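Let me begin by presenting the structure, written as structure tokens, before commenting on it.
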Amino acid sequence: MNESWQRFQWFADLASAQAIAGRLQLDGVPVREESSEAMSGVEKGFWLLVPENLAHRARWVLAHSELSAQELSYLATGKLGDPN
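In this text, residue positions in the sequence shown follow our numbering: the first is 474, and each later residue adds one.
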């Protein structure tokens with residue numbers, strides 16, 4: 474099966490991109506990360522890509538998601554932070 478992917482959202486840092494990717498994946502939306510480089514070897518930011526047929530669901534998931542800073546940190550790093 475050959476899925477068509479589209480750029481969904483851009484992030485300045487990888488941790489933020491991974492946090493949102495984790496949230497989308499929890500709700501059944503496959504995600505790919507794509508680095509956008511200003512010049513060779515210099516990362517400028519990160520795009521999250523989702524299958525075209527699931528872009529609407531991805532927008533819905535984020536619109537109805539209320540993640541705390543701790544939850545976003547866990548999704549990005551896989552580690553629980555200090556709850557205080």
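No residue lacks a Cβ here, since even glycine has one placed at the ideal position from N, Cα and C. If you're wondering where the values come from, they're calculated on a predicted model, not measured in any experiment.
Are residue i and residue j closer than 8 Å when you measure CB to CB?
i	j	result
V504	L521	yes
F519	F481	no
A531	L497	yes
S477	E507	no
Between residue i and the ligand COA, is the CB less than 7 Å from at least one heavy atom?
i	result
W533	The ligand COA is absent from the structure shown, which contains no ligand whatsoever.
DSSP beta-bridge partners for residue i?
i	result
V484	The identity of residue 484 in the sequence shown is Phe, whereas the question assumes Val. Paired residues: F519.
W478	P524
Which residues in the same chain have their Cβ closer than 7 Å to the Cβ of residue i, if we skip the five residues on either side of it in sequence?
i	result
V502	V523, L527, R530, A531, V534
Q479	L522, V523, E525, A528
S538	R496
A490	F484, E506, F519, L521
D500	V534
For residue i, which residues of its own chain have a beta-carbon under 6 Å away from its beta-carbon, when the five flanking residues on both sides are left out?
i	result
A494	V504, L521
task: Please specify which runs of the beta strand (DSSP E), each continuous and at least 3 residues long, are wholly inside the stretch 489-524, giving them in chain order.
output: 505-512, 515-524
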